[in-house]
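Protein chains in written order, with our numbering: chain A, 1211 to 1639; chain B, 162 to 594. Ideal Cβ placement from N, Cα and C applies to all residues, glycine included. What follows is a single structure, written as structure tokens, with notes after it.
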């Protein structure tokens, strides 16, 4: 500043502005993630790349972006850089309504505490709300979370309020009202959910599909516990449309009926006696049915997943079924779930695709799940740990594995929202 | 005890075999009793943790020991317990086995409001405790006497974590507007006193915090209320008009000041401009004032914590101040906070002590934070990871470290509530469905 007075005014001003301009162009990038291995399924990138973020958007993805052009640089050498994960089956309609299962209740969870630490930036609630309480869901969850929250709307007007009672009430399943509400809330409603129906008839499934048709969105089915069971084959080949989703794909449910015969509530995709995938499941995949994990507390069995994976039947989408019953059990978080499939032999690039670009397509949100220039900067940085790890399924069976994915850094809309080891911070002096 | 078990076993055998009818009664009863004794002996331990390095500061144990758990309590702790009588054995060799951690500063009164009290800034305890080895939390005055019953009904009674509380001296706790939260009319000491007595199992102290008035009445009333009930005063932040020195002078031995290592404008930091812990702060420690970390979002600064550890102002407790922001920021969880101190040079046993038996004493709950035989089986099995780690403070600075605690297995009242790597799982094999 003293120079300003010592010399000619104009010259100094020019110099000053020149410096200022240089300074701006030199640091036009807000955040540079440097040296990581980028996996971006949409853009077919699976190699070492730098990712630059500016104004909350992906600014550039290229082989060597100079650190001098960035205000902040994160060294991601040895780490994997992916789009923020998309979890299409969470239960995040948290609230305090007593005895209300997963609708405005304590069994559902506030998303932010479970998403970012696992690299997730988008979560879809799987049917907590129906058309009667979707507005409350928006107000209490969508608007108040840093995580991007989307929703499958329950075909039951009152939402997922109780398996044995409300969710069996066909009188509260109105395809037209549900579709109308879905359309009205299309900024965050991305599908219709039908779950837990135990009657021996197809009406609720067909209602959900009808609503999905009107609103132009997919249906997710948590196939109920009808006794005698409804044929899974009919669901997949006759009732659902291509693009509709079977969740809890690797669930194994069994119970002895009164005569002592073993009954599979929800017919499994793998025949437990022959360990072979049932032929119609392959047909369903060809038809375009989406197979989603939906791990949850009770919906993932090694006895299903391992033979299916060995026979090459990989999930289309990895998802959590996050709620109080799964958060501390075998599921834990999306990074843990992704690790399970790595350990079962699914290539890392496929695991990431099944958690990013695949789900984005399934929920018809092509603007999500990739790192294209100009898209919103939702990014996850993972470390692939090597060691001796263990993974449990829903029944407490464990397998060992040598790999584990850990979320180091999560960026939502250009901002660091999780930084496990303070990668984006300077060291103390 | 033995008699009950015997009866149970006989009825089991009678259900399974018709020996009474087939042969002479006396002989059969004799055989049944013999078998049942064997049966009982074979089922005595529900869960046996084998081969871990046990740190139990109360009992001055830091050694390789086995722990047997039965009916939710610690049945036996010894150097080599036979696997014979155990229903389940978990090999925890190479791990630390500690009493379940006690987090004395949390905000867990969740609900639909904005903010902390019955609000979305609080977090539900079970979501963040077990994964960090915590089995007991203390809520830091998020409820007052008017809101405590709701807090108890919705959170304390519905959580698997043991939830204790400091009662806010102001009636609404942290529910409502700032003005409502420190309304002098809401200073109902008698009602608060009745609440403490009514819920004496849950309420372990009285909190003053978030008070911007100049009148010492609430502060002193909170202290008097706490002391009259044999409990500590818990002094939180945002008490803008009183100097740190005056606050410490109004406290007594056994009272707790939290956010001890914060460096914000509204309260004088404990370390001065020259990097020295202020003498009056060290005097307060000598007097018996307790210093809690209360990390939270802005409550922990390396430029306070590091000199404090070096100059004898280590924290007495590792309160996390867990809330919706801190769980994703520099704090993350209690083990991450404890790992910071491990990497600042504090010994492992010392860190564990302050997180367990030390914390139990601070809240005057000597039934907790130890592994004495007969006590409730709240246990944390912790792995000390070796590697390159980074730890963040509120100023955005990183401390590099080579050690980090990780919760492998958490047991609450004898039940496994967290099992990171499936240590207690049944190994899967292809023959299983």
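Mind checking the stretch 1607–1639 of chain A against chain B and listing, in chain order, the residues whose C-beta falls within less than 7 angstroms of any C-beta there? 1607, 1608, 1609, 1627, 1628, 1629, 1631, 1632, 1633, 1635, 1636, 1637 and 1638
Beta-carbon gap between residue 1330(A) and residue 1556(A) smaller than 7 angstroms: no
Can you give me the start and stop residues for the alpha helix (DSSP H) that residue 313(B) sits inside? 309–315
Chain B contact residues for residue 1197(A), given Cβ-Cβ distances below 8 angstroms: The structure shown has nothing for residue 1197(A), since chain A only spans 1211 to 1639.
What three-state label does DSSP hand residue 388(B) in the structure shown? helix
Closer than 9 angstroms by beta-carbon distance: list the chain B residues that pair up with residue 1327(A), in chain order. 488, 489 and 493
Quick one, are the C-beta atoms of residue 1322(A) and residue 1357(A) less than 7 angstroms apart? yes
Quick check: is the beta carbon of residue 1602(A) nearer than 7 angstroms to any beta carbon in chain B? yes
Per-residue burial, residue 1476(A) [other beta carbons within 10 Å of its own, 16 or more giving buried]: buried
Taking 7 angstroms as the threshold (beta carbon to beta carbon), is residue 1484(A) in contact with chain B? no
For residue 1576(A), which residues from the same chain have a beta carbon less than 7 angstroms from its beta carbon, with the 5 sequence-adjacent residues on both sides left out? 1570
Quick one: what's residue 231(B) bridged to in DSSP? 234(B)
Measure the C-alpha to C-alpha separation of residue 529(B) and residue 349(B) and round it to an integer number of angstroms. 31 angstroms
My output table needs one value for residue 1422(A): the three-state DSSP class, helix, strand or coil. helix
Between residue 1217(A) and chain B, is any beta-carbon pair separated by less than 7 angstroms? For residue 1217(A), the predicted structure reports a pLDDT of 44, less than 50, and the residue's modelled location is therefore unreliable. The matter cannot be settled from this model.
Can you look up residue 1352(A) in the DSSP assignment and give me helix, strand or coil? helix
If you compare alpha carbons, which of 1489(A), 1425(A), 1595(A) and 1248(A) is closest to residue 1574(A)? 1425(A)
What does residue 281(B) reach in chain A if we use C-beta pairs closer than 7 angstroms? 1320 and 1354
Cβ-based contacts, 7 angstroms cut-off: residues of the stretch 1529–1545 of chain A near chain B: 1534, 1537 and 1538
Would you decide whether residue 1248(A) is buried or exposed? Buried here means 16 or more other CB atoms lie within 10 Å of its CB. buried
Starting from residue 395(B), trace the beta strand (DSSP E) both ways and give me its first and last residue. 394–396
Residue-level contact to chain B via CB, residue 1362(A), 7 angstroms cutoff: no
By Cβ distance below 6 angstroms, which residues in the same chain neighbour residue 1405(A) in space, the five residues on each side in sequence not counted? 1337 and 1432
Does the Cβ-Cβ distance between residue 1518(A) and residue 1487(A) come in under 7 angstroms? yes
Determine, using beta carbons only, whether residue 312(B) and residue 488(B) come nearer to each other than 7 angstroms. no
Excluding sequence positions up to five away, which residues of its chain have a Cβ less than 8 angstroms from the Cβ of residue 1281(A)? 1237, 1239, 1240 and 1241
Just to confirm before moving on: does the CB-CB distance between residue 209(B) and residue 229(B) stay below 7 angstroms? yes
Can you tell which of 1310(A), 1455(A), 1251(A) and 1378(A) has its C-alpha closest to the C-alpha of residue 1411(A)? 1378(A)
Extent of the continuous beta strand (DSSP E) run through residue 1593(A): 1589–1602
Rounded to whole angstroms, how far is the Cβ of residue 1401(A) from the Cβ of residue 1429(A), which I believe are closer than 8 angstroms? 6 angstroms
Residues bridged to residue 1272(A) by DSSP? 1260(A)
Separation of residue 518(B) from residue 217(B), as counted between CA atoms: 8 angstroms
Please list, in chain order, all residues of the same chain as residue 1407(A) whose beta carbon is under 8 angstroms from its beta carbon, the five residues on each side excluded. 1377, 1378, 1414, 1415, 1434 and 1436
Looking at the structure shown, is residue 508(B) part of a helix, part of a strand, or coil, going by DSSP? coil
Got a sec: which bits of the stretch 578–593 of chain B sit with their beta carbon under 7 angstroms from any beta carbon on chain A, in order along the chain? 578, 579, 580, 582, 583, 584, 586, 587, 588, 589 and 593
Sequence-distant residues of its chain with Cβ nearer than 7 angstroms to residue 479(B) (five each side left out): 454, 495, 498, 499, 515 and 516
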